[in-house]
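Participant: Got a structure for you, written out below as structure tokens; questions coming shortly.
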Amino acid sequence: MDLALRGRFCTCVDGDVSVHEGTIGVRDGVIAHVGAEPVEATEERAFDGCLLPGLVDPHTHLVFGGTRVDEFARRMAGEDYRTIAAEGGGIARTVRGTREASEEQLFELAAGRARALRAGGVTTIEVKSGYGLSTEHELRLLRVAKRLETEGLVRVTTSFLGAHAVPPDTERGAYVDEVCHEQLPAVAEAGLADTCDVYCDGGAFTLAEARRILETAKGLGLKVRAHVGQFDDLGGAGLLAELDGLSADHLEQVSDADLDRMAEACVVAVLLPGAWRTLRQTPPSAERLRAHGVTMAIGTDLNPGTSPTPDLSLCAALGVRDAGMTLEEALLGVTAHAAMAAGTRGGRIAVGEPADFAIFPVTDPRALGYALGGLRPSAVYLAGALVHEGPTASLW
Ligand SMILES: [Zn+2]
17 MDLALRGRFC TCVDGDVSVH EGTIGVRDGV IAHVGAEPVE ATEERAFDGC LLPGLVDPHT
77 HLVFGGTRVD EFARRMAGED YRTIAAEGGG IARTVRGTRE ASEEQLFELA AGRARALRAG
137 GVTTIEVKSG YGLSTEHELR LLRVAKRLET EGLVRVTTSF LGAHAVPPDT ERGAYVDEVC
197 HEQLPAVAEA GLADTCDVYC DGGAFTLAEA RRILETAKGL GLKVRAHVGQ FDDLGGAGLL
257 AELDGLSADH LEQVSDADLD RMAEACVVAV LLPGAWRTLR QTPPSAERLR AHGVTMAIGT
317 DLNPGTSPTP DLSLCAALGV RDAGMTLEEA LLGVTAHAAM AAGTRGGRIA VGEPADFAIF
377 PVTDPRALGY ALGGLRPSAV YLAGALVHEG PTASLW
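Here our numbering = 1-based position in the sequence shown + 16.
Structure below.
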């Protein structure tokens, strides 16, 4: 073995959130041993606290330029989002800020955000495009996202979100045509996206438009996911079940019938507390999702407009407080179930899984859903390599 880590750990395999004591062995960046018995390795290390699989953030808009702090101030003072958007604010403003930035500047900004997520224990990040809204600019964002992984910062899975908004001065039918006939084929040809996402909601793209875009993406070999039911239930969750989608994200508004379809098709519900908090919305009910047998994950939704946070364990804690998730659901929601939603490996401590770990200075791993912000790992490993060190003192 290259590395042996000895201490207390939580596997998150098959819903197991209990604490085990033993050794995890790593060979060639992959977990090669998990058990009570020790193994010999080139490097051996005993640790305090509790080792978890590296956390997985299944929903981010990490690559963007510009800021929206002033807009937030206006919204909190009571101004209507639509008034601000009509003046060229909202997503359109971030599209301008993003297009004006160089690819190198966008990478530096995205890398800073990826490091902030990693300092919270996140080793795999789903990254969406969606602030380019043209073939050239969407490709640029996806290249930046992929580079976060090739430069060894974190693991990345990418989603093409050309259908985030209709760009200013563009007719919506013509734009949907462009997404299907130009953007998607170019993205698939370049191999830069793992999945295709659509913002299917009132004021965004219709169910018929979402179906057309996601079916086109499937035809090009991409997996699919979507933002659905943040404001209005258009039936997007049922569409994702029909199209074998990885995840349905937001879900403040969703019908019982579509929740049953999601459970049947194993579409993961990705809950986004940062967005419902910022928009002061009523969150989805975990009790209701649980009753329908829907698997739940939690994402930061890191974006400049509605969820400016890189703190995934804070989001887990808000999932518990606001939506009524159990501490165990919150822990699985940022590990094993988040990996299911992201469509990636990881999120579990098991032989054959990537050796990505976050060691937290806590005795009970459920502290992830308990600590209301500020919980940081003492060590983060990516493919068996130590990539970040944090505080070792236990707060809780
Ligand atoms: Zn989003």
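Don't be surprised by glycine CBs; every beta carbon is placed ideally from N, CA and C.
Looking at ligand 1, does it come within less than 8 Å of H36, judged from the CB to the closest heavy atom?
Facilitator: Translated into positions along the sequence shown, residue 36 becomes position 20. The answer is no for H36.
Participant: Can you name the start and end residues of the beta strand (DSSP E) that L200 belongs to?
Facilitator: Locating residue 200 in the sequence shown gives position 184, where the first residue counts as 1. Segment 200-206 is the alpha helix (DSSP H) holding L200; no beta strand (DSSP E) there.
Participant: Going by the C-beta, is L267 closer than 8 Å to any heavy atom of ligand 1?
Facilitator: Start at 1 with the first residue of the sequence shown, and residue 267 comes out as number 251. For ligand 1, not one heavy atom lies less than 8 Å from the Cβ of L267.
Participant: With a threshold of 8 Å, are at least 3 pairs of Cβ atoms found where one atom belongs to the segment 371-386 and the other to the segment 343-356?
Facilitator: Output reads yes: the segment 343-356 touches the segment 371-386.
Participant: With a threshold of 8 Å, establish whether the CB of K144 neighbours any heavy atom of ligand 1.
Facilitator: By one-based count along the sequence shown, residue 144 stands at place 128. Within the cutoff, so yes.
Participant: Relative to the alpha-carbon of L318, which residue among V195, A206, T27, H75 has its alpha-carbon at the smallest distance?
Facilitator: Residue 318 sits at position 302 when you count from the first residue of the sequence shown. Out of V195, A206, T27, H75, H75 has the C-alpha closest to the C-alpha of L318.
Participant: With distance defined between alpha-carbon atoms, name the residue in A352, D185, V192, G106 nearest to L230.
Facilitator: Taking the sequence shown and counting its residues from 1, the one referred to as residue 230 is at position 214. The shortest C-alpha separation from L230 is found at V192.
Participant: Closer than 8 Å: is that where the CB of L250 sits relative to any heavy atom of ligand 1?
Facilitator: Within the sequence shown, the letter at position 234 stands for residue 250. Every heavy atom of ligand 1 is 8 Å or more from the Cβ of L250, so no.
Participant: Could you check what DSSP says for I314 in three-state terms: helix, strand or coil?
Facilitator: Taking the sequence shown and counting its residues from 1, one reaches residue 314 at position 298. Reduced to three states, the DSSP call for I314 is strand.
Participant: Does the separation of the CB atoms of H271 and A291 fall below 9 Å?
Facilitator: Mapped onto the sequence shown, residue 271 falls at position 255. Mapped onto the sequence shown, residue 291 falls at position 275. This sequence places Ser at residue 271; His is not what is there. No, these two residues do not count as a Cβ contact at 9 Å.
Participant: For V46 versus G400, is the C-beta distance shorter than 9 Å?
Facilitator: Sequence index remark: in the sequence shown, residue 46 carries index 30 (1-based). Sequence index remark: in the sequence shown, residue 400 carries index 384 (1-based). Yes.
Participant: Just tell me which of I107, V182, E198 has its CA closest to the CA of E152.
Facilitator: If you number the sequence shown from 1, residue 152 lands on position 136. Answer by Cα proximity: E198.
Participant: Report back the beta-carbon spacing between P326 and L133 to the nearest angstrom; my notes put them in contact at under 8 Å.
Facilitator: Within the sequence shown, the letter at position 310 stands for residue 326. Within the sequence shown, the letter at position 117 stands for residue 133. 5 Å between Cβ atoms; contact.
Participant: Which value, in whole angstroms, describes the spacing of the CA atoms of A224 and G23?
Facilitator: As a working note, residue 224 is residue 208 in the sequence shown. As a working note, residue 23 is residue 7 in the sequence shown. Looking at the two C-alpha atoms, the distance is approximately 52 Å.
Participant: Grab the span of the beta strand (DSSP E) containing R43 for me, first residue to last.
Facilitator: Within the sequence shown, residue 43 is the residue found at index 27, counting from 1. 36-43 is the extent of the beta strand (DSSP E) around R43.
Participant: Closest to P201 by C-alpha separation, out of V170, C216, L155, P184, would be which residue?
Facilitator: The sequence position of residue 201 within the sequence shown is 185, counting from 1. Ranking V170, C216, L155, P184 by Cα distance to P201 puts L155 first.
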